[in-house]
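Here our numbering is used: the first residue of the sequence shown is 13, the next is one more, and so on.
Just so it is clear, CB atoms sit at the ideal spot from N, CA and C, and this is done for glycine as well.
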Amino acid sequence: MIRLAPLIVLLAACAGADPAPAPRPAPGAGAEAALRSACEAEAERAVNFRERGQDARLDRELGQTDQTNTIPSLRVQSDAFQRRQLREELIRDCIRANTAGPRPQDRRAPARRSGA
């Protein structure tokens, strides 16, 4: 224990000050976080709604066997990956759709009709 004391003292001396705090978020970042969480919730709901029947079938198939290297268990892994990919794609689409700027307007003035 005595031999470790100098090493501990040396290690304590080498320790620097506390790390710098993280930079503050940019103005408007709260809106982006709120949009992302809303999109995540909607994507999760959509994926769960789409996959509810498949999950029940896979649960039944897995309950009938104790093996972990069967086709149904491998299918569970690939389906879980596909659900994650679908969820991320839905989130990206939602964010893209809600952060797009206004639709371009035609600069020309509308044609006037001559009244009779």
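Just verifying my parser: in three-state terms, what is the DSSP assignment at residue i?
i, result
"A32", "coil"
"A27", "coil"
"R64", "helix"
"A112", "coil"
"R48", "helix"
"R72", "helix"
"R87", "helix"
Is the beta carbon of residue i sitting closer than 8 Å to the one on residue j?
i, j, result
"I20", "E52", "no"
"L23", "V59", "no"
"Q66", "D91", "yes"
"L47", "I107", "yes"
"E63", "R96", "no"
Residue i: buried (16+ other C-beta within 10 angstroms of its C-beta) or exposed?
i, result
"A55", "buried"
"C26", "exposed"
With distance defined between alpha-carbon atoms, name the residue in the options nearest to residue i.
i, options, result
"R72", "V88, R119, C106 and T111", "V88"
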